[in-house]
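**Q**
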DNA sequence: TTAAACCCTATAGATTTAGTAGATTATTAA
DNA sequence: TTAATAATCTACTAAATCTATAGGGTTTAA
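Chains as they are written, first to last, in this note's numbering: chain A, 1 to 142; chain B, 1 to 142.
(1) Suppose you measure from the CA of residue 1 (chain B) to the CA of residue 101 (chain A); what does that come to, to the nearest Å?
(2) Given a threshold of 16 other Cβ atoms within 10 Å of its Cβ, counted over all protein chains shown, does residue 33 (chain B) qualify as buried or as exposed?
(3) To which residues of the same chain is residue 68 (chain A) closer than 6 Å at the C-beta, ignoring the five residues directly before and after it?
(4) Distance, Cα to Cα, residue 80 (chain A) vs residue 141 (chain A)?
(5) Is it true that the region 104 to 122 of chain A meets the region 77 to 96 of chain A, where meeting means three or more beta-carbon pairs spaced less than 8 Å apart?
(6) Against chain A, does residue 24 (chain B) count as a neighbour if the rule is that its beta carbon must be under 8 Å from one of theirs?
(7) Give the straight-line distance between the Cα atoms of residue 108 (chain B) and residue 70 (chain A), rounded to the nearest whole angstrom.
(8) Mind checking which residues open and close the alpha helix (DSSP H) that includes residue 44 (chain A)?
(9) Contact criterion: CB-CB distance below 8 Å. Does residue 126 (chain A) meet it with respect to chain B?
(10) In chain B, what lies closer than 7 Å to residue 115 (chain A) by C-beta?
(11) Alpha carbon to alpha carbon, what distance is there between residue 82 (chain B) and residue 53 (chain B)?
(12) Within the 8 Å Cβ cut-off, does residue 7 (chain A) reach chain B?
(13) Suppose contacts are defined by Cβ-Cβ distances below 8 Å. Is residue 86 (chain B) in contact with residue 46 (chain B) by that definition?
(14) Measuring only between beta-carbons, confirm whether residue 107 (chain B) sits less than 8 Å from chain A.
(15) Measuring only the C-alpha atoms, how far is residue 61 (chain B) from residue 78 (chain B)?
(16) With the cut-off set at 8 Å, would you say residue 135 (chain B) and residue 76 (chain B) are in Cβ contact?
(17) Around the Cβ of residue 16 (chain B), are there at least 16 other Cβ atoms within 10 angstroms (buried) or fewer (exposed)?
(18) Is it buried or exposed, residue 88 (chain A), if we count other Cβ atoms within 10 angstroms and call 16 or more buried?
(19) Looking at the secondary structure, which residues open and close the beta strand (DSSP E) in which residue 118 (chain B) lies?
(20) Measure from the C-beta of residue 135 (chain B) to each C-beta in chain A and report whether the shortest distance is under 8 Å.
(21) Beta-carbon within less than 6 Å of residue 22 (chain B)'s beta-carbon, same chain only, minus the 5 sequence neighbours each way: which residues are those?
(22) Taking DSSP as the reference, what is the three-state secondary structure of residue 1 (chain A)?
(23) Pick helix, strand or coil for residue 137 (chain A), following the three-state DSSP scheme.
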């Protein structure tokens, strides 16, 4: 059985890594290898994930000995909408329903009559609400 | 920009075809080609979609001249949970969160502490609620 | 005889999930 | 000051899987 609109491992691992960093007491850098071992994530894959999180302003990094990654904000200031948009892309399941990345369907003459649009608008709104009201702090058990 | 946990065209087309059939006054069979032209869906693709909907008990079919597909139930009796599960697969975005197709993640030692699990349970519940409370009739503007 | 569903196979292209190899940078120890 | 070390960063490659069709032939009923 295939899970069709499935969460990618990229996002899954990214969230796990972020919560790992959120559980740290201070903001001293944590090496990729440390997170990789603790969370059972392929090192090189995690490397690329943390890089995109850094490039999108969620993480800071320090090179060289004693280096690693650290959160740039407090964990209760990081909404899951931000995380999801960076790692997974738009929240909407159809482009014609996306707030930030709207695209018209070429097969659909009128969105206001489209059943798919009507249904997915609701799904988008409810998911968005959850992602907005949940922060990293809510997820990291601390 | 890629939509990562995107709705497949299979599901999209399937929902459109179902609402097309729901809008018919009587239950006389409608040919695939008719739906295909009206909804701008590739004929052969639609063929396979309608076939799976029939095999899963949503549609009836009639072969030969004047044949086609028709709804087996009233449109207000067809929940979108059923449609989504047939076309798209499990509602959950992660196997470890699925009600009907649960699978443990091999990387995750304890689901009760897992941030991804915690978040996705909420998303599953809210999506499920929408799909359960929406029927074909709600979507077909009639 | 014709029009329709049915069934099987193949496939280009995209995406995901990595793996491999090496470059660059910063710290630390000699 | 220099060399070693440890870390991030960059770029290429590749297997596996999934999507969205296309083609062609068979069966059934009017």
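Beta carbons: idealized from backbone N, C-alpha and C, even for Gly.
**A** Reading off the structure:
(1) Low per-residue confidence applies at residue 1 (chain B): pLDDT is 47, beneath 50, and the placement is therefore not dependable, though the value from the model is reported in the following sentence. Their backbone Cα atoms lie some 8 Å apart in a straight line.
(2) Of the residues assessed, residue 33 (chain B) falls on the exposed side of the cut-off, its CB having fewer than 16 other CB atoms within 10 angstroms.
(3) Excluding its 5 nearest sequence neighbours in each direction, residue 68 (chain A) has C-beta neighbours in its own chain below 6 Å: 29, 30, 31, listed in chain order.
(4) Computed Cα separation, rounded: 15 Å.
(5) In the pairwise beta carbon analysis, the region 104 to 122 of chain A is classified as touching the region 77 to 96 of chain A: at least three pairs are separated by under 8 Å.
(6) Closer than 8 Å: no.
(7) Looking at the two C-alpha atoms, the distance is approximately 22 Å.
(8) Residues 43 to 55.
(9) Taking 8 Å as the threshold, the shortest C-beta distance from residue 126 (chain A) to chain B falls below it.
(10) Those within 7 Å of residue 115 (chain A) in chain B are 15, 16, 19, 139, 140.
(11) Roughly 10 Å between the two C-alpha positions.
(12) Yes, residue 7 (chain A) counts as interfacial toward chain B.
(13) No, these two residues do not count as a Cβ contact at 8 Å.
(14) At least one C-beta of chain A is nearer than 8 Å to the C-beta of residue 107 (chain B).
(15) Take the alpha-carbon of residue 61 (chain B) and the one of residue 78 (chain B): they are about 17 Å apart.
(16) Going by beta carbons, residue 135 (chain B) and residue 76 (chain B) fall inside the 8 Å limit.
(17) Taking all protein chains shown into account, residue 16 (chain B) has 16 or more neighbouring C-beta atoms within 10 Å of its C-beta and is therefore buried.
(18) Taking a 10 Å sphere around the C-beta of residue 88 (chain A), we find 16 or more other C-beta atoms and assign the residue as buried.
(19) In the DSSP assignment, residue 118 (chain B) falls outside any beta strand (DSSP E) and lies within the alpha helix (DSSP H) extending over 115 to 133.
(20) For residue 135 (chain B), the answer is no, since every Cβ of chain A falls outside 8 Å of its Cβ.
(21) Excluding sequence neighbours, residue 22 (chain B) sits near 75, 136, 140.
(22) Summary for residue 1 (chain A): the model assigns pLDDT 46, below 50, so the residue's position carries little reliability; its value from the coordinates is reported in the next sentence. Here DSSP, grouped into helix, strand and coil, assigns residue 1 (chain A) to coil.
(23) Collapsing the DSSP output to three states places residue 137 (chain A) in a helix.
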